[in-house]
Amino acid sequence: VEFGAGMIKMRGDRCWRDLTCLYYHHETQPMPNPLSWYFHRLPKSLHRIEVLGNHFAQLVVPWFLFFPQPIASVAGLIIVLTQSWLVVSGNFAWLNFITMALAIASFDNPALGHLFAIVPYQPLETPAWYLAVVLAITALILALSYRPARNLLSRRQLMNYSFDPFHIVGTYGAFGSITKERYEVVIEGTEDAVLTPQTKWHEYEFQGKPGDVRRRPPQVAPYHYRLDWLMWFAALSSPMYHEWFVPLLRKLLEADRAVLRLLARDPFAGRPPRFVRALFYLYRFTTPKERRETGAWWWRELVGDYVPPIQLRTFR
(Lines of atoms letter the chains of each structure in order from A; the text may use other names.)
(Lines give C-alpha, C1' and ligand atoms only; values in the text may rest on other atoms or scores of the structure.)
Protein backbone atom coordinates (compact mmCIF):
# COMPACT_ATOMS: atom_id res chain seq x y z
CA VAL A 1 0.00 0.00 0.00
CA GLU A 2 2.64 2.52 1.09
CA PHE A 3 5.27 1.69 -1.51
CA GLY A 4 2.75 1.72 -4.36
CA ALA A 5 1.47 5.12 -3.21
CA GLY A 6 5.02 6.43 -3.09
CA MET A 7 5.91 5.14 -6.55
CA ILE A 8 2.81 6.64 -8.17
CA LYS A 9 3.79 10.02 -6.72
CA MET A 10 7.37 9.88 -7.99
CA ARG A 11 6.08 8.99 -11.47
CA GLY A 12 3.27 11.50 -11.30
CA ASP A 13 3.13 15.23 -10.76
CA ARG A 14 6.46 17.04 -10.93
CA CYS A 15 5.66 18.83 -7.66
CA TRP A 16 6.34 15.57 -5.78
CA ARG A 17 9.87 15.61 -7.12
CA ASP A 18 10.52 19.31 -6.52
CA LEU A 19 8.90 19.04 -3.05
CA THR A 20 6.18 21.66 -3.64
CA CYS A 21 2.98 19.54 -3.72
CA LEU A 22 2.05 20.44 -0.15
CA TYR A 23 1.98 24.10 -1.16
CA TYR A 24 -1.44 23.22 -2.62
CA HIS A 25 -2.64 19.87 -1.31
CA HIS A 26 -4.14 20.91 2.04
CA GLU A 27 -6.29 23.44 0.18
CA THR A 28 -7.21 21.35 -2.86
CA GLN A 29 -7.70 17.89 -1.28
CA PRO A 30 -11.19 16.41 -1.81
CA MET A 31 -12.55 17.20 1.65
CA PRO A 32 -10.57 19.46 4.01
CA ASN A 33 -11.12 19.11 7.75
CA PRO A 34 -11.15 21.75 10.55
CA LEU A 35 -7.34 21.83 10.72
CA SER A 36 -6.63 21.94 6.96
CA TRP A 37 -6.74 25.76 6.89
CA TYR A 38 -3.98 25.87 9.51
CA PHE A 39 -1.89 23.21 7.75
CA HIS A 40 -2.18 25.15 4.49
CA ARG A 41 -0.84 28.26 6.26
CA LEU A 42 2.33 26.53 7.49
CA PRO A 43 5.60 27.97 6.11
CA LYS A 44 6.65 26.59 2.74
CA SER A 45 9.82 25.20 4.29
CA LEU A 46 7.68 22.95 6.49
CA HIS A 47 5.61 21.88 3.47
CA ARG A 48 8.82 20.73 1.80
CA ILE A 49 9.72 18.76 4.93
CA GLU A 50 6.24 17.20 4.80
CA VAL A 51 6.89 15.96 1.27
CA LEU A 52 10.32 14.61 2.21
CA GLY A 53 8.76 12.82 5.18
CA ASN A 54 6.10 11.35 2.91
CA HIS A 55 8.71 10.02 0.48
CA PHE A 56 10.72 8.52 3.34
CA ALA A 57 7.64 6.85 4.87
CA GLN A 58 6.35 5.47 1.57
CA LEU A 59 9.50 4.60 -0.38
CA VAL A 60 12.09 3.70 2.28
CA VAL A 61 10.32 2.59 5.47
CA PRO A 62 8.21 -0.25 3.92
CA TRP A 63 11.40 -2.23 3.14
CA PHE A 64 12.25 -2.35 6.85
CA LEU A 65 9.00 -4.21 7.57
CA PHE A 66 10.82 -7.31 6.29
CA PHE A 67 13.72 -6.87 8.74
CA PRO A 68 14.02 -8.69 12.09
CA GLN A 69 12.54 -7.20 15.24
CA PRO A 70 12.68 -4.59 16.65
CA ILE A 71 13.41 -2.92 13.27
CA ALA A 72 10.08 -4.06 11.80
CA SER A 73 8.18 -2.63 14.77
CA VAL A 74 9.96 0.72 14.40
CA ALA A 75 9.09 0.78 10.69
CA GLY A 76 5.45 0.03 11.52
CA LEU A 77 5.43 2.82 14.11
CA ILE A 78 6.75 5.33 11.57
CA ILE A 79 3.93 4.39 9.19
CA VAL A 80 1.36 4.77 11.99
CA LEU A 81 2.73 8.23 12.85
CA THR A 82 2.73 9.47 9.24
CA GLN A 83 -0.80 8.16 8.72
CA SER A 84 -1.85 9.95 11.92
CA TRP A 85 -0.48 13.18 10.38
CA LEU A 86 -2.81 12.63 7.43
CA VAL A 87 -5.74 11.95 9.78
CA VAL A 88 -5.36 15.31 11.52
CA SER A 89 -4.76 17.27 8.29
CA GLY A 90 -7.64 16.04 6.11
CA ASN A 91 -10.68 13.81 5.64
CA PHE A 92 -9.70 10.60 3.86
CA ALA A 93 -12.45 8.31 5.16
CA TRP A 94 -11.10 5.04 6.57
CA LEU A 95 -8.03 4.85 4.30
CA ASN A 96 -5.53 5.99 6.92
CA PHE A 97 -7.02 3.78 9.61
CA ILE A 98 -6.84 0.55 7.61
CA THR A 99 -3.26 1.43 6.61
CA MET A 100 -2.41 1.85 10.30
CA ALA A 101 -4.04 -1.51 11.04
CA LEU A 102 -1.76 -3.16 8.48
CA ALA A 103 1.28 -1.42 10.00
CA ILE A 104 0.37 -2.49 13.53
CA ALA A 105 0.54 -6.12 12.34
CA SER A 106 4.32 -5.65 12.20
CA PHE A 107 4.55 -5.00 15.98
CA ASP A 108 5.93 -7.89 18.02
CA ASN A 109 4.73 -8.85 21.51
CA PRO A 110 7.32 -6.75 23.39
CA ALA A 111 6.25 -3.70 21.41
CA LEU A 112 2.54 -4.37 21.98
CA GLY A 113 3.27 -5.12 25.64
CA HIS A 114 3.79 -1.39 26.21
CA LEU A 115 0.12 -0.86 25.30
CA PHE A 116 -1.63 -4.12 26.18
CA ALA A 117 -1.24 -6.86 28.75
CA ILE A 118 0.27 -9.91 27.03
CA VAL A 119 -0.69 -13.21 28.66
CA PRO A 120 2.25 -15.68 28.59
CA TYR A 121 1.46 -18.88 26.76
CA GLN A 122 3.14 -22.02 25.54
CA PRO A 123 2.92 -22.31 21.74
CA LEU A 124 1.13 -25.44 20.58
CA GLU A 125 2.45 -27.74 17.92
CA THR A 126 1.13 -26.68 14.50
CA PRO A 127 -1.05 -29.40 12.90
CA ALA A 128 0.18 -30.62 9.52
CA TRP A 129 -3.14 -29.83 7.83
CA TYR A 130 -3.00 -26.20 9.04
CA LEU A 131 0.56 -25.78 7.80
CA ALA A 132 -0.47 -27.19 4.41
CA VAL A 133 -3.36 -24.71 4.13
CA VAL A 134 -1.10 -21.76 5.04
CA LEU A 135 1.52 -22.81 2.50
CA ALA A 136 -1.14 -23.23 -0.22
CA ILE A 137 -2.62 -19.78 0.44
CA THR A 138 0.85 -18.24 0.54
CA ALA A 139 1.73 -19.85 -2.80
CA LEU A 140 -1.53 -18.54 -4.29
CA ILE A 141 -0.89 -14.98 -3.07
CA LEU A 142 2.68 -15.07 -4.37
CA ALA A 143 1.52 -16.26 -7.79
CA LEU A 144 -1.24 -13.64 -7.99
CA SER A 145 1.15 -10.91 -6.82
CA TYR A 146 3.39 -11.26 -9.87
CA ARG A 147 1.40 -8.82 -11.99
CA PRO A 148 0.94 -6.18 -9.25
CA ALA A 149 4.68 -6.36 -8.48
CA ARG A 150 5.49 -6.01 -12.16
CA ASN A 151 3.13 -3.03 -12.30
CA LEU A 152 5.14 -1.28 -9.56
CA LEU A 153 8.21 -1.40 -11.79
CA SER A 154 6.36 -0.22 -14.89
CA ARG A 155 6.70 3.33 -16.20
CA ARG A 156 2.94 3.15 -16.87
CA GLN A 157 2.05 2.14 -13.32
CA LEU A 158 -1.69 1.64 -12.78
CA MET A 159 -3.22 3.08 -9.61
CA ASN A 160 -5.97 1.37 -7.58
CA TYR A 161 -6.35 -1.51 -10.01
CA SER A 162 -7.29 -5.15 -9.40
CA PHE A 163 -5.47 -7.87 -11.32
CA ASP A 164 -7.78 -10.82 -10.66
CA PRO A 165 -11.57 -11.32 -10.83
CA PHE A 166 -11.83 -12.06 -7.09
CA HIS A 167 -10.00 -8.83 -6.10
CA ILE A 168 -7.55 -10.74 -3.91
CA VAL A 169 -4.54 -8.63 -4.92
CA GLY A 170 -4.29 -5.17 -6.41
CA THR A 171 -2.29 -1.98 -6.66
CA TYR A 172 -2.90 1.07 -4.54
CA GLY A 173 -1.99 4.72 -4.55
CA ALA A 174 -3.42 8.21 -4.32
CA PHE A 175 -2.70 11.77 -5.44
CA GLY A 176 -0.26 10.94 -8.18
CA SER A 177 -1.25 14.32 -9.56
CA ILE A 178 -2.10 17.36 -7.48
CA THR A 179 -4.57 20.09 -8.45
CA LYS A 180 -3.07 23.54 -7.98
CA GLU A 181 -6.42 25.35 -7.76
CA ARG A 182 -9.69 24.34 -6.16
CA TYR A 183 -12.91 24.49 -8.15
CA GLU A 184 -16.30 23.68 -6.69
CA VAL A 185 -19.67 22.89 -8.23
CA VAL A 186 -22.42 24.70 -6.30
CA ILE A 187 -26.03 23.62 -6.88
CA GLU A 188 -28.81 26.17 -6.53
CA GLY A 189 -32.58 26.12 -6.91
CA THR A 190 -35.44 28.60 -7.17
CA GLU A 191 -39.20 28.53 -6.68
CA ASP A 192 -39.74 31.27 -9.25
CA ALA A 193 -41.90 30.07 -12.14
CA VAL A 194 -40.24 32.45 -14.61
CA LEU A 195 -36.52 33.16 -14.67
CA THR A 196 -35.49 36.81 -14.72
CA PRO A 197 -32.34 38.71 -13.71
CA GLN A 198 -34.10 39.28 -10.35
CA THR A 199 -34.69 35.56 -9.70
CA LYS A 200 -33.68 34.55 -6.20
CA TRP A 201 -31.52 31.44 -6.14
CA HIS A 202 -30.85 29.42 -3.00
CA GLU A 203 -27.89 27.07 -2.44
CA TYR A 204 -28.05 23.45 -1.39
CA GLU A 205 -25.46 22.80 1.32
CA PHE A 206 -23.58 19.49 1.30
CA GLN A 207 -22.46 17.58 4.38
CA GLY A 208 -18.72 17.76 3.90
CA LYS A 209 -17.60 19.58 0.78
CA PRO A 210 -17.00 23.37 0.76
CA GLY A 211 -20.02 25.52 0.03
CA ASP A 212 -20.88 28.38 2.39
CA VAL A 213 -17.59 30.30 2.71
CA ARG A 214 -18.25 31.03 6.41
CA ARG A 215 -18.74 27.40 7.29
CA ARG A 216 -15.72 25.75 8.92
CA PRO A 217 -14.62 22.57 7.10
CA PRO A 218 -16.15 19.69 9.11
CA GLN A 219 -14.53 16.60 10.57
CA VAL A 220 -15.90 13.66 8.60
CA ALA A 221 -13.33 10.83 8.70
CA PRO A 222 -13.44 7.96 9.38
CA TYR A 223 -16.94 8.32 7.93
CA HIS A 224 -17.20 8.82 4.18
CA TYR A 225 -19.66 11.07 2.34
CA ARG A 226 -19.46 9.50 -1.09
CA LEU A 227 -21.64 12.10 -2.84
CA ASP A 228 -19.47 14.94 -1.53
CA TRP A 229 -16.37 13.03 -2.67
CA LEU A 230 -17.85 12.61 -6.16
CA MET A 231 -18.62 16.33 -6.30
CA TRP A 232 -14.88 17.02 -5.98
CA PHE A 233 -14.25 14.86 -9.05
CA ALA A 234 -17.15 16.51 -10.89
CA ALA A 235 -15.42 19.88 -10.57
CA LEU A 236 -12.37 18.52 -12.39
CA SER A 237 -14.17 18.05 -15.72
CA SER A 238 -17.37 18.60 -17.69
CA PRO A 239 -20.66 17.08 -16.42
CA MET A 240 -20.75 14.96 -19.57
CA TYR A 241 -18.03 12.80 -17.96
CA HIS A 242 -20.12 12.24 -14.82
CA GLU A 243 -23.25 10.36 -15.78
CA TRP A 244 -24.66 10.57 -12.25
CA PHE A 245 -24.70 14.38 -12.06
CA VAL A 246 -27.73 15.31 -14.19
CA PRO A 247 -29.83 12.54 -12.57
CA LEU A 248 -28.87 14.13 -9.23
CA LEU A 249 -30.35 17.44 -10.43
CA ARG A 250 -33.52 15.63 -11.47
CA LYS A 251 -33.87 14.08 -8.01
CA LEU A 252 -33.54 17.56 -6.49
CA LEU A 253 -36.26 18.85 -8.80
CA GLU A 254 -38.45 15.99 -7.57
CA ALA A 255 -37.51 16.74 -3.94
CA ASP A 256 -36.56 13.08 -3.57
CA ARG A 257 -36.35 12.40 0.16
CA ALA A 258 -33.55 9.84 -0.10
CA VAL A 259 -31.36 12.32 -1.98
CA LEU A 260 -32.23 15.26 0.28
CA ARG A 261 -31.11 13.20 3.29
CA LEU A 262 -27.62 13.16 1.75
CA LEU A 263 -27.42 16.95 2.07
CA ALA A 264 -26.77 19.15 5.09
CA ARG A 265 -29.42 21.72 4.15
CA ASP A 266 -32.33 21.84 1.74
CA PRO A 267 -33.23 25.53 1.24
CA PHE A 268 -36.79 24.56 0.27
CA ALA A 269 -37.60 22.44 3.35
CA GLY A 270 -38.71 19.46 1.29
CA ARG A 271 -40.63 21.39 -1.38
CA PRO A 272 -39.66 20.79 -5.03
CA PRO A 273 -38.01 23.81 -6.68
CA ARG A 274 -39.13 25.03 -10.12
CA PHE A 275 -35.58 25.23 -11.49
CA VAL A 276 -32.14 24.07 -10.44
CA ARG A 277 -28.74 24.99 -11.82
CA ALA A 278 -25.08 24.25 -11.08
CA LEU A 279 -22.48 27.00 -10.93
CA PHE A 280 -18.72 26.69 -11.22
CA TYR A 281 -16.64 28.53 -8.60
CA LEU A 282 -12.97 29.02 -7.89
CA TYR A 283 -12.29 28.55 -4.16
CA ARG A 284 -9.26 29.21 -2.00
CA PHE A 285 -8.61 29.39 1.72
CA THR A 286 -8.79 32.92 3.13
CA THR A 287 -5.63 34.61 4.29
CA PRO A 288 -5.18 35.15 8.06
CA LYS A 289 -6.14 38.82 7.56
CA GLU A 290 -9.31 37.90 5.61
CA ARG A 291 -10.15 35.32 8.24
CA ARG A 292 -9.92 37.91 11.05
CA GLU A 293 -11.91 40.55 9.17
CA THR A 294 -14.71 38.42 7.72
CA GLY A 295 -14.79 35.21 9.74
CA ALA A 296 -14.81 33.29 6.46
CA TRP A 297 -12.76 30.13 5.90
CA TRP A 298 -13.01 30.36 2.12
CA TRP A 299 -12.90 33.02 -0.58
CA ARG A 300 -14.65 32.23 -3.84
CA GLU A 301 -15.17 33.69 -7.29
CA LEU A 302 -17.81 32.74 -9.84
CA VAL A 303 -16.33 31.27 -13.02
CA GLY A 304 -19.53 30.43 -14.91
CA ASP A 305 -22.28 27.87 -15.43
CA TYR A 306 -21.57 24.19 -14.91
CA VAL A 307 -25.14 23.19 -15.85
CA PRO A 308 -27.56 25.98 -16.91
CA PRO A 309 -31.01 26.22 -15.32
CA ILE A 310 -33.23 23.19 -15.96
CA GLN A 311 -36.72 22.23 -14.85
CA LEU A 312 -38.47 18.92 -14.38
CA ARG A 313 -40.21 18.97 -17.75
CA THR A 314 -36.77 18.98 -19.38
CA PHE A 315 -36.68 15.26 -18.59
CA ARG A 316 -40.13 14.47 -20.01
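If you count the sequence shown from 1, position 305 lands on 305 in the working numbering, and the numbers rise without skipping.
C-beta: ideal position from N, C-alpha, C; glycine also.
Cβ contact annotation for LEU195 (same chain, cutoff 8 Å, sequence separation greater than five): PHE275, PRO309, in chain order. Shown here, ARG291 sits in a helix according to DSSP, grouped into three states. When the five nearest sequence neighbours on each side are left out, the beta carbons in the same chain lying within less than 6 Å of the beta carbon of ALA103 are those of GLY76, ILE79, VAL80, in order along the chain.
In this structure, the beta-carbon distance from ALA93 to PRO222 falls below 8 Å.
Under the DSSP definition of a beta bridge, GLY53 lacks any partner. Between the stretch 228 to 243 and the stretch 178 to 192 there are three or more C-beta pairs closer than 8 Å, enough to call the two in contact. If you draw a straight line from the Cα of VAL74 to the Cα of ALA57, it comes to about 12 Å. In the displayed model, GLU191 falls within coil according to three-state DSSP, outside both helix and strand. Only exposed fits PRO123, as fewer than 16 other CB atoms lie within 10 angstroms of its CB. Residue environment: LYS9 is assigned as buried (16 or more neighbouring CB atoms within 10 Å of its CB, all protein chains considered). If the five residues before and after CYS15 are omitted, its C-beta is found closer than 6 Å to the C-beta atoms of CYS21, ILE178, all from its own chain and listed in chain order. Taking ALA111 as the centre and dropping the five residues before and after it, the same chain places the C-beta of SER73 closer than 6 Å to its C-beta, in chain order. Residue pairing from DSSP leaves VAL213 without any beta-bridge partner. Of GLY304, PRO210, VAL60, GLU205, the smallest CA-CA separation from GLY6 is found for VAL60. Across the set HIS47, GLY90, VAL1, the C-alpha of VAL1 shows the shortest separation from the C-alpha of LEU65. The C-alpha of VAL87 is placed about 9 Å away from the C-alpha of LEU95. Closest in C-alpha terms to PRO272, from the list HIS202, TRP299, ASP305, comes HIS202. One thing to note: TYR204 has its Cβ within 8 Å of the Cβ of ASP266.
Assigned with DSSP and collapsed to three states, PRO239 falls in helix. Contact check for PHE280 against TRP298 fails: the beta carbons are separated by 8 Å or more. In the three-state DSSP reduction, ARG284 falls in the strand class (E or B).
With fewer than 16 other beta carbons inside 10 angstroms of its own, VAL119 counts as exposed. Contact between the stretch 22 to 36 and the stretch 165 to 178 is present, with at least three C-beta pairs closer than 8 Å. Residue environment analysis places ASP13 among the buried positions, since at least 16 neighbouring C-beta atoms fall within 10 angstroms of its C-beta. The beta-carbon separation of ALA296 and GLN207, rounded to 19 Å, does not stay under the 8 Å limit for a contact. Under the DSSP definition of a beta bridge, LEU142 lacks any partner.
GLY12 carries a coil assignment under DSSP once its states are collapsed to helix, strand and coil.
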